[in-house]
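Note sheet for the following structure.
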Amino acid sequence: MSDVLGVLDPAAAPSLRWGIIAPGGIANKFAEAVSQFTAGQVVAVSSRDEGRARSFAERHGIPRAYAGHEALGADPEVDAVYVASPHSAHREHAVAMARAGKHVLIEKALARNLVEVNEIFDAARGAGVFAMEAMWTRHLPHIAAVRRWIADGRIGEVVTVVADHGQSLDLGPDHRLKAPELAGGALLDLGVYPVAFVVDLLGAPTSVHAAGHRTETGVDASVALTLGYPDPVFAQASCTLKVKTPTTAVVCGTGGRIELDGDFYGGTVARLLAPGKVREVVEEFDGRVANGFQFEIAEVARCVADGRVESERMRWDDSRAVMSVLDEARRQMGVRYPGEA
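Numbering (the numbering used here), first residue to last: 242 to 582.
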């Protein structure tokens, strides 16, 4: 892919040697993106279960597999580490890797709460290493198209943003997403996407109003958020573990609107619609791509090559703003994780 709307070809980014913590499903997608779409390579993987690490390494042609994560941090051939462990372990793993001198890309949501987010960034700043939340949506071509249309005034002044993320997940009571000790629930896994999308376009909200339901284990199952901004701007974001929703997004302005097909957070189609019309498409951008993780991976590689500790596309303050919303929503829902700071 060539330069599209300022989105550079991931294959043209500098090479980076990656380590992976926690070889689960999302780590599979990450490893495939590195090997198939970038100049980088995954050179090591670690897990508490050595057999699991070795199996993952064999599947992806990774030369080294470690039992435990300390050895990964000590590996001199690892430049950067992708933290794919449960939310409850993000702070521990990201801080340890940063202090070991490794650049870190941490799965979203970045941590359990804002205190832990700040601890991660403080550790990265202290070690002089790059750190970024793995909100891959931020780096995709269709999001660049949306931002370009808004910047060019194609929909006038933005008044409201609406986004949802719902999945029909038949989960047992011991599943990770229902486990308070693993920071389960809909918000950190699903709600982070629509909230991050709103923050990307509107910045941090001035107020948060949350309503919803909890699971039998006490974590959030469904949450509807209204995010306040100076008049007349407002946003709505929702998430649920109960049903598959359209998982679309709409940006409405005084001069038109933008609609994103589901799933809006992955590579998809964005449409610019005429003002006051039900469905008159003025312009369409087809942002469908294979995998999609390669764009954030390339962003890390470019920032590291440039000596930067944070990305302008996914700034530390953006992650703080998103987590502040999730924290307040959980507070209003009465959801607290064991051992939270």
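Where is the CB? At the ideal position from N, CA and C, for every residue including glycine.
From the DSSP output, in three-state form, read off S243 for me.
Annotation note: pLDDT 42 at S243 (below 50); position unreliable, no value reported.
Beta-carbon proximity list for V545, same chain, < 8 angstroms, skipping 5 on both sides
P255, L257, D320, A321, H344 and F371
Have a look at G494, I262 and G503 and flag the residue whose alpha-carbon is nearest the alpha-carbon of G517.
G494
Helix, strand or coil for A386? Go by DSSP, reduced to three states.
helix
Residue from D502, V576 and S287 with nearest C-alpha to D405:
D502
Please report the straight-line C-alpha distance between R295 and A562, rounded to a whole angstrom.
38 angstroms
Taking just the CA atoms, how far does Y323 sit from A539?
13 angstroms
How about L482 and I499: do their beta carbons lie closer than 7 angstroms?
no
Can you grab the Cα-Cα spacing for the pair V433 / D393, in whole Å?
27 angstroms
Taking the runs of the beta strand (DSSP E) that are 3 residues or longer, which of them lie wholly in the stretch 436 to 522?
448 to 455, 461 to 469, 475 to 481, 490 to 494, 497 to 501 and 510 to 514
Span of the alpha helix (DSSP H), counted from its first residue to its last, around I267
G266 to F278
Identified DSSP bridge partners for M373:
L346
To the nearest angstrom, report how far apart F362 and V519 are at their CA atoms.
45 angstroms
Starting from A361, follow the alpha helix (DSSP H) in both directions and report where the run begins and ends.
The displayed chain sequence assigns Ile, not Ala, to residue 361. Segment L355 to A368, the alpha helix (DSSP H) holding I361.
What is the C-beta distance between H310 and S287, in whole angstroms, given that I count them as a contact (C-beta under 8 angstroms)?
5 angstroms
Nearest-angstrom Cα separation, counted from A515 out to I396:
8 angstroms
Length of the line joining the Cα atoms of P251 and R554
15 angstroms
Work out the CA separation of S463 and R455 for me, nearest whole Å.
7 angstroms
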